[in-house]
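Participant:
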Amino acid sequence: MYLVKSLIILLFSNSILAVSNTLPVVLWHGMGDTCCLPVSLGAIKKLIEAETNGTYVRSLKIGGNIALDYESGFFIHPDDQVRYVCEQLARDTRLTNGYNAIGFSQGGQFLRAVAQRCSTPPMKTLITLGGQHQGVFGLPKCPSLTSTTCEHLRKLLRRAAYKEWMQRDLVQATYWHDPLQEEEYRQKSSFLSNINNEVFINQTYIDNLNKLEKFVMVMFLNDTIVQPKESQWFGFYSPGQDTIIRPLNESPVFEDLGLNQLDRDGRLIYLSVEGDHLQMTSKWFIENIIPQLSTN
Ligand SMILES: *[C@@H]1O[C@H](CO)[C@@H](O)[C@H](O)[C@H]1NC(C)=O
Ligand SMILES: *[C@@H]1O[C@H](CO)[C@@H](O)[C@H](O)[C@H]1NC(C)=O
Ligand SMILES: *[C@@H]1O[C@H](CO)[C@@H](O)[C@H](O)[C@H]1NC(C)=O
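Residues -18 to -1, 1 to 278 (mature numbering (1 follows the signal peptide of the UniProt record, and there is no 0)) are what the sequence shown spells out, left to right.
In structure tokens form, the structure reads like this:
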């Protein structure tokens, strides 16, 4: 009798009965990270679950295992990764009614490509944390790599970013954006100039992006990895030099990708936080990111 009673109490307690009205959340990690480390995305997953009454959180693993997942951040072409993710998401029946997407660093622009290329299941809110929407020109520091490896990567990018083999084999080359060689970038970038509608305008990208309820871009104000940091808000160096920043609303991509429509409706949200790349407290995350998530 006692047992039955406590079981009933347990069943009716909030923790069991509370049903999350937050749509599922899909996470895509950054370079040098993986889906599930307890110190990075593993912790974020737990935090979101705790703050949303246990909504379904899926942290994307690219490829069959953790080693592949890590290497994918460097060596698997973003087009292939995006295709793989679209297939995985389409198969996940828990996402059928829509989901929120949170991209970390380069995972941000990759999830934007998912939004633009794959409209089912429907992405409702896209949140990019430290994304490089206009690419990078420079790599002052690389997370998780030794300084010699980082230095090597940097030299390679400076020297050969637009060579065909680099564009095919090194993920970071696909969003290397050299403002001193703007035309070269447009023609040779094998990913970024395509998803930014800079080579030709793909109306599907505009239409799909405008299906989002919200597109939230988070910039880390003291970022030492993303250069220029304004790329996190879709800003970039004006062509021909590398000091003056042109903000999104003065860049061709504003109209060419239909971001002006999102902006006009108040669905394009600019957030910033003090700190280096991806450095934020759980308090900040709970107060600023959780409330942005779409509900059903
Ligand atoms: C979680 O559930 C509690 C109790 O049902 C509710 O008051 C609260 O608003 C819910 N929070 C979220 C984020 O859904
Ligand atoms: C435009 O994007 C859609 C979605 O990715 C794709 O199916 C289509 O082939 C693209 N159009 C062109 C001309 O590349
Ligand atoms: C971070 O950057 C902001 C904006 O540039 C600046 O006001 C602030 O002092 C910086 N904070 C630190 C800790 O460097």
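Where is the CB? At the ideal position from N, CA and C, for every residue including glycine.
(1) Between which residues of its own chain and Glu232 is the CB-CB distance below 8 Å, once the five residues before and five after are set aside?
(2) Evaluate the contact criterion for the segment 109 to 125 versus the segment 216 to 232: three or more CB pairs, one atom per stretch, below 8 Å.
(3) Is Thr102 close to ligand 2? I mean its beta-carbon at under 7 Å from any heavy atom of the ligand.
(4) Starting from the N-terminal end, write out each residue whose C-beta falls within a distance shorter than 6 Å of any non-hydrogen atom of ligand 3.
(5) Mind checking Ile(-10): buried by the 16 CB within 10 Å criterion, or exposed?
(6) Write down every uninterrupted run of the alpha helix (DSSP H) in the segment 74 to 152 whose length is 4 residues or greater and which is fully enclosed by it, in chain order.
(7) Excluding the 5 residues flanking Leu244 on each side, which residues of the same chain have their C-beta closer than 8 Å to its C-beta?
(8) Closest to Ser22 by CA distance: which of Ala32, Trp10 and Ser171 is it?
(9) Would you call Trp147 buried or exposed, if buried means 16 or more other Cβ atoms sit within 10 Å of its Cβ?
(10) With a threshold of 8 Å between beta carbons, is Leu250 in contact with chain B?
(11) Under the three-state reduction of DSSP, which class applies to His259: helix, strand or coil?
(12) Does the segment 170 to 179 come into contact with the segment 49 to 68, if we say contact requires no fewer than three beta-carbon pairs (one atom in each stretch) closer than 8 Å?
(13) Can we count Asn3 as close to ligand 2, meaning its CB is less than 7 Å from some heavy atom?
(14) What does a CB cutoff of less than 7 Å around Leu239 pick up in its chain, not counting 5 residues either side in sequence?
(15) For the alpha helix (DSSP H) containing Phe267, name the first residue and the last one.
(16) Any chance the CB of Asn184 is under 7 Å from a heavy atom of ligand 2?
(17) Any heavy atom of ligand 2 within a distance shorter than 7 Å of the CB on Tyr187?
(18) Can you tell me whether Gly89 is buried or exposed? The criterion is at least 16 other CB atoms within 10 Å of its CB, across all chains shown.
(19) Helix or strand or just coil, what does DSSP make of Phe173?
(20) Thinking C-alpha only, which one of Thr16, Glu31 and Gly12 is nearest Asn4?
(21) Once you ignore the five residues that flank Gly45 on each side, which residues in its own chain have a CB closer than 7 Å to its CB?
(22) Starting from Leu42, trace the beta strand (DSSP E) both ways and give me its first and last residue.
(23) Taking the alpha-carbon positions, what's the Pro6 to Ala25 distance?
(24) By a C-beta neighbour count over all protein chains shown, 10 Å radius and 16 as the cutoff for buried, is Leu203 buried or exposed?
(25) So does Arg99 have its beta carbon nearer than 7 Å to some heavy atom of ligand 2?
(26) Mind checking Ser(-13): buried by the 16 CB within 10 Å criterion, or exposed?
Facilitator: By the coordinates alone:
(1) none
(2) yes
(3) no
(4) Leu203, Asn204 and Glu256
(5) Annotation note: pLDDT 44 at Ile(-10) (below 50); position unreliable, coordinate value reported separately. By the neighbour-count rule (16 or more Cβ atoms within 10 Å), Ile(-10) is not buried but exposed.
(6) 88 to 99, 129 to 142 and 146 to 151
(7) Leu191, Asn192, Leu194, Phe197 and Leu250
(8) Trp10
(9) exposed
(10) No chain B is present in this structure, which holds just one protein chain.
(11) coil
(12) yes
(13) no
(14) Asn178, Asn179, Tyr187, Ile188 and Leu191
(15) Ser264 to Asn270
(16) yes
(17) yes
(18) buried
(19) coil
(20) Here residue 4 turns out to be Thr, not Asn, going by the sequence shown. When only C-alpha atoms are compared, the closest one is Glu31.
(21) Asp51 and Ser54
(22) It is not in any beta strand (DSSP E) - Leu42 carries neither H nor E in the DSSP assignment.
(23) 16 Å
(24) exposed
(25) yes
(26) Confidence at Ser(-13) is low in this model, with a pLDDT of 46, below 50, so its placement is unreliable and the value that follows should be read with caution. Result: exposed.
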